[in-house]
Structure formats: structure tokens, C-alpha cells
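Student: Next up is a structure, given as C-alpha cells.
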Amino acid sequence: MGRSGPLRVLVTGASRGIGEAIVARLSADGHHLALNSRTAEDLERLATELPGPTLVLPADCTDPGSGDDLVRAVVDAWGGIDVLVLNAGEGVAASITSTDDALWQRQIDLNLTAPFRFIRAAVPPMKAAGYGRIIVVASSASKRGEP
């Protein structure tokens with residue numbers, strides 16, 4: 016069953032590249048957008064360019080409470096969350112032998128643990144509303160690693 020009216024969407028990694036393109040399209044379609052990235056200035060710039068309702072939610076997705084905090088901000092502002100787009104992420108072009116523990120942990124925190132935390136936070140309000148969609152953007156590195 017679909018939801019009528021504008022969707023309430025949280026997009027991580029919203030200020031550049033694929034995230035910015037996702038935001039532009041969803042905004043053009045009339046949806047309410049909660050924008051997240053680490054850089055408040057980039058989000059503020061983007062929000063001024065969008066025609067519809069926006070929330071600017073700067074935060075580092077790897078902070079343990081960011082998933083709960085950002086989902087709660089969307090629910091508090093708009094009464095629920097319909098779509099979660101997990102676009103924040105990065106890839107590092109480094110061989111296994113040149114990857115130290117800190118770099119490895121950063122990749123795990125951003126590309127695996129952060130999405131888990133956001134999904135865990137978003138599922139309860141989505142289930143309560145009887146509607147929800149979660150989109151996880153990943154790179155080709157998940158299919159083919161570099162030696």
C-alpha cells in the first residue's frame with residue numbers, strides 16, 4: 016500500500032554528488048526533505064535552492080547517536096519518516112597491505128555501522144505508520160575489491 020501526499024525523506028550524504036542529485040529530484044517531485052552531511056554550510060546552500068520544505072541536519076553519521084537523533088528530528092518536525100536514503104559513504108583506494116587499523120575502522124563505521132544504526136532508528140516509526148522505504152547507496156567496491 017502506498018502513501019498519499021508528499022513523502023518525508025531523510026537523505027544522508029545529501030550535499031554533493033549522488034546525494035545532491037537525489038535531493039534535487041525528490042524536491043522537484045514535491046517531497047519534504049531532511050538533508051544531512053557533515054558540512055552545515057553546504058546543506059544551508061542546498062536548502063536555499065530547493066522549492067519545498069527542508070530540514071538542515073548537519074551531523075557525522077559515524078557518531079553513535081546520529082541515527083537516532085536525525086530520525087527523531089524528522090519525526091518531530093513532520094510527524095513521521097517515510098523514506099530513508101543512506102547515501103553517506105566513502106571508498107579509499109588503498110591496498111590491504113597499506114590499510115592501517117584506523118582507516119579500516121573508519122570504513123566499517125561509515126559504510127556498515129552507520130547504515131545499521133540509521134535503519135534501526137527508522138524502522139519503528141515506519142512500522143508504526145504502516146509505510147516505509149529504505150534505500151542504501153553503495154559502491155562497486157562491494158562487488159569487487161582491489162588487491
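To convert, count from 1 in the sequence shown and add 15; that's the working numbering.
Note that beta-carbon positions come from the ideal geometry of N, C-alpha and C, so glycine has one too.
Everything numeric in this text was worked out from a predicted model, so none of it was measured.
Just verifying my parser: in three-state terms, what is the DSSP assignment at R23?
Tutor: strand
Student: How many Å lie between D57 and L72 at the Cα?
Tutor: 11 Å
Student: Can you tell which of T114, G20, L25 and R18 has its C-alpha closest to the C-alpha of F133?
Tutor: L25
Student: What is the DSSP secondary structure of V98, reduced to helix, strand or coil?
Tutor: Of the three classes helix, strand and coil, the one that applies to V98 here is strand, per DSSP.
Student: Would you mind listing the beta strand (DSSP E) stretches within the segment 26-76 that are 3+ residues and don't spill past its ends, in chain order?
Tutor: 47-50 and 69-71
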